[in-house]
Every structure is written in structure tokens, then in C-alpha cells.
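Enquirer: Okay, handing you the structure first.
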Amino acid sequence: MSFKFGKSILGATTILLLISCNVYATLTDGLAAHYKFNGDASDSSGNGNNGVVYGAQLTEDRFGVANHAYLFDGQDDYIEAAHSSSLDLTGPITLSAWIKSDGTYWQSEIISKMPSYSPAIGYQLYTQDDEARVSLTYAIGNSHAGGGVASNTLVVDGQWHLLTSTYDGSEIRMYVDGELETWIAYSDGYESNTEPLKIGHYYYPYNDGRGGSHNWALNGAIDDVRIYNRALSPEEVAQLVPEPATLLLFGLGGLALRRKHRAK
């Protein structure tokens with residue numbers, strides 16, 4: 000796609016329409032839930048997993064568009080969607096979200112469908128010690144075990160980042176800004192639960208080794224949350240990131256530069 004800047008001026012609405020149609024790919028196959036946060040927390044997947052907002056406030060998204068992302072206070076803000084069969088996943092899965100966070104605590108939740116008691120089984124995408132992490136867990140007696148992986152890139156830096164993790168039944172992968180960072184072989188799966196889905200918050204009632212029990216709450220913004228009942232391919236994950244020309248247009252040149260450097 001190309002833009003020609005001459006005597007005619009492309010309005011913001013026209014530009015956004017071109018972006019949504021040609022640059023920012025819409026991957027709908029296998030979506031269990033999709034929260035675009037375009038003014039509210041409704042689910043655009045068609046599965047009816049609409050979110051209820053508790054405290055979080057609408058804010059600018061990664062393109063600078065007002066009221067197209069949610070801001071969380073790092074204390075007790077969250078968005079919740081009721082348990083449903085479409086969110087009750089135990090097989091291949093993709094968790095993806097854009098975040099912009101400065102962090103206030105060593106662990107901050109992004110996506111969580113997991114009970115706040117042992118065994119804590121289910122799936123979660125979060126940051127820990129400024130890294131992007133994912134956990135898939137199952138019960139062992141009154142405790143739990145499972146698999147997880149962390150990014151190499153530190154993502155709690157006040158900049159927008161796309162965090163995406165996939166599990167295909169044999170590998171767990173972590174991507175940052177559309178680029179594969181780390182992966183592990185894992186085939187033990189994870190278990191379902193009847194807990195609601197939470198975005199931006201998880202309460203851990205036990206001693207977490209960093210000062211006792213705590214609200215693992217994200218301090219910052221979250222946008223475009225996606226949950227798939229399949230593992231996206233590397234090519235599909237890359238499509239979730241806007242092209243460099245679009246990033247520059249909306250003042251996200253840093254992300255474009257990062258992608259350019261990593262491609263060398």
C-alpha cells in the first residue's frame with residue numbers, strides 16, 4: 000500500500016479505514032474472544048464473551064486514537080468476562096494483547112483464566128520482572144504444574160508492545176512485536192476451570208515471595224486482546240503488527256526501527 004501526499008489531504012478517518020482494510024490484518028479463524036476496546040469492552044468474535052469494566056478508563060490506543068484502549072491503575076482495575084464454553088480451552092491456544100506499561104509490581108497480569116486458589120489451573124499471559132510470560136497449568140493433587148516461557152526482551156518500558164504466545168500441543172512460543180523470541184517443547188497440556196476471564200488483574204492470596212499476597216495488577220494500557228482456540232502460525236503473528244509505514248504515520252517509529260534492526 001502507498002500514500003501519495005500532494006494537494007489532496009487524506010483525512011484521519013480515511014487513513015484509519017485504509018489501515019484497517021489493508022495493513023492491520025483481521026484474523027478471525029478460531030477466535031474465542033476479541034476485545035478491540037473501541038469505546039467499550041464488547042467481544043467482537045461473535046461468541047458473546049463481553050467484558051464488564053471495573054475501574055479501568057478508556058484511553059488512547061497505540062495509534063493515538065482516543066477511547067480505543069483501556070488504562071489500568073495497577074491496583075484494582077480490571078475487565079471481566081463470564082466463564083463460557085468458548086473460553087473453556089484445554090488444547091491449542093493463542094493469547095495476544097498490546098500493552099503499554101511502566102510497571103509498579105514485579106508481576107502484572109494481562110490475560111488470566113485461572114482460580115485464585117490451589118490448584119491454580121488454566122492459562123495466563125502476564126509480565127514478570129519486566130519480561131513477557133505465559134503459563135499453562137494443570138493440577139497435581141492440591142498443587143499444580145505446567146509449562147511456561149518468558150521473553151528475552153524487557154517489555155515494561157512505557158512503550159507499546161504486542162505480546163503473543165502460542166501453544167500447538169507440542170511447543171509453547173513467545174513473540175514480542177511479531178518476532179519469535181523463545182520457545183520450549185511442551186506436551187503436557189493444561190486444565191480447564193469455571194473461573195471468569197480477567198484482563199489486567201489477578202489476585203494471588205498466598206505468599207508470593209515478594210512481600211506476601213498481592214493484586215497482580217497491570218499499571219498501564221491494554222488494547223486489542225485476542226484469544227484463539229488454535230495456535231497462530233509465525234506468519235499470522237507477524238500480521239498482527241502494523242507495517243512500518245503505518246507505525247511511522249502514527250508516531251510509532253520506535254517499533255518500526257526495532258523490527259528493522261531485528262531483521263538484520
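Residue 263, in numbering that gives the first Met the number 0, is where the sequence shown stops; the numbers in between run on with no holes. Glycine included, each C-beta is placed from N, C-alpha and C at the ideal position. Just so you know, these numbers come straight off a predicted model, no measurement behind them.
Can you tell me where the alpha helix (DSSP H) holding GLU178 begins and where it ends?
Expert: No alpha helix (DSSP H) contains GLU178, which is instead part of the beta strand (DSSP E) from 178-184.
Enquirer: Name the DSSP beta bridge partners of LYS197, please?
Expert: Bridge partners of LYS197: GLU79, SER111.
Enquirer: Starting from the Cα of ASP223, find the closest Cα among SER85, ILE110, SER83 and give me that residue.
Expert: The residue with the shortest Cα to Cα distance from ASP223 is ILE110.
Enquirer: Kindly identify the DSSP beta-bridge partner or partners of LEU30.
Expert: Note: LEU30 sits in a beta bridge opposite TYR227.
Enquirer: Would you mind working out which of ILE98, ARG172, ASN49, PRO114 sits nearest TRP159, comparing C-alpha positions?
Expert: With distances taken between Cα atoms, TRP159 lies closest to ILE98.
Enquirer: My assumption, with CB atoms under 8 Å, is that THR181 sits in contact with ALA216. Please give the rounded CB distance.
Expert: Actually they are not in contact, since the Cβ atoms of THR181 and ALA216 sit about 25 Å apart, beyond 8 Å.
Enquirer: Closer than 8 Å by C-beta to PHE36: which residues in its own chain qualify, once you throw out the five before and the five after it? Chain order, please.
Expert: Closer than 8 Å at the Cβ level, and outside the excluded window around PHE36, lie LEU57, ASP60, HIS67, ALA68, TYR69, ILE221, ASP222, ASP223, VAL224.
Enquirer: Could you check the C-alpha separation between ILE198 and MET173 for me, to the nearest Å?
Expert: Each residue's Cα considered, the two are about 19 Å apart.
Enquirer: Considering only residues of the same chain and omitting the five flanking positions on each side of TYR23, which have a CB-CB separation below 7 Å?
Expert: In this predicted model, TYR23 has a pLDDT of only 45, less than 50, meaning its place in the structure is not dependable enough to derive any value.
Enquirer: What separation, rounded to the nearest whole angstrom, lies between the Cα atoms of THR126 and SER115?
Expert: Each residue's Cα considered, the two are about 17 Å apart.
Enquirer: Do THR163 and THR93 count as a contact pair if the criterion is CB distance below 8 Å?
Expert: Yes; because the gap between Cβ atoms is below 8 Å, this pair is in contact.
Enquirer: If you compare alpha carbons, which of TYR34, GLU234, TYR227 is closest to LEU86?
Expert: Among TYR34, GLU234, TYR227, the Cα nearest to that of LEU86 is on TYR227.
Enquirer: Just grab the DSSP bridge partners of HIS67 for me.
Expert: HIS67 is not bridged to any residue.
Enquirer: Using a Cβ-Cβ cutoff of less than 6 Å, which residues in the same chain neighbour VAL64 once the five nearest sequence positions on both sides are dropped?
Expert: Closer than 6 Å at the Cβ level, and outside the excluded window around VAL64, lies no residue.
Enquirer: With C-beta atoms as the reference, is GLY219 less than 8 Å away from SER100?
Expert: Closer than 8 Å, so yes.
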